[in-house]
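Numbering (this note's numbering), first residue to last: 2 to 200.
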């Protein structure tokens, strides 16, 4: 059985259909041809891609006018399986893209993530991780420097304290020796003096 000859037949709408009618037709057809209904059927995925291409062309006024001019010209009409634009061909060829990603991207403006976007996200995550590691290392370095500085200040304080204590001890000891020598000298002087009652 021969397939539909153009995008209008593929969506089941007449050439004068409004954008809303095209959208409703796509919704209806996409439920029938959605790859999730039979993941093991590659033909279903191919037909869904063709349906997406038809919707992408007919839902936009500029691309629809160009397609209508092509249908009216003497050139053979563009087959539904032909590439509407590089983006749709990329969607048809990409094996990484989940079957329903293109479907939801039609209505929500969500661009399906591809290898390039995932690679960019991976590089971004690596940069963020690198910055976190650098900040952590810088923090550790600052903590180490601060600890060493504090340790040095504590050691200097303790050394100064020991020096002061040692100086006080030495001064006290010297005074004690001087006092003891003075007492001994006074004692010897008293012993050498005669008693007061002697003639």
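Cβ coordinates follow ideal geometry from the N, Cα and C atoms, glycine included.
In the three-state reduction of the DSSP assignment, residue 14 falls in the coil class.
At a Cβ-Cβ threshold of 9 Å, residue 19 and residue 52 do not count as neighbours. Within a 10 Å sphere around the beta-carbon of residue 54 sit 16 or more other beta-carbons, which makes this residue buried.
For the pair residue 154 and residue 162, the Cα-to-Cα distance works out to about 12 Å. Annotated three-state conformation of residue 67 is helix, per DSSP. Per DSSP, residue 53 is one residue of the alpha helix (DSSP H) stretching across 43–59. A straight line joining the alpha-carbon of residue 71 with that of residue 65 spans about 10 Å.
Around the C-beta of residue 122, fewer than 16 other C-beta atoms lie within 10 Å, and the residue is accordingly described as exposed.
With 16 or more other Cβ atoms from the protein chains shown falling within 10 Å of its own Cβ, residue 68 counts as buried.
Judged by DSSP secondary structure, residue 180 falls within the alpha helix (DSSP H) whose first and last residues are 116–193. For residue 23, same chain residues with a beta-carbon under 8 Å away, outside a window of 5 residues either side, are 12, 14, 56, 59, 60 in chain order.
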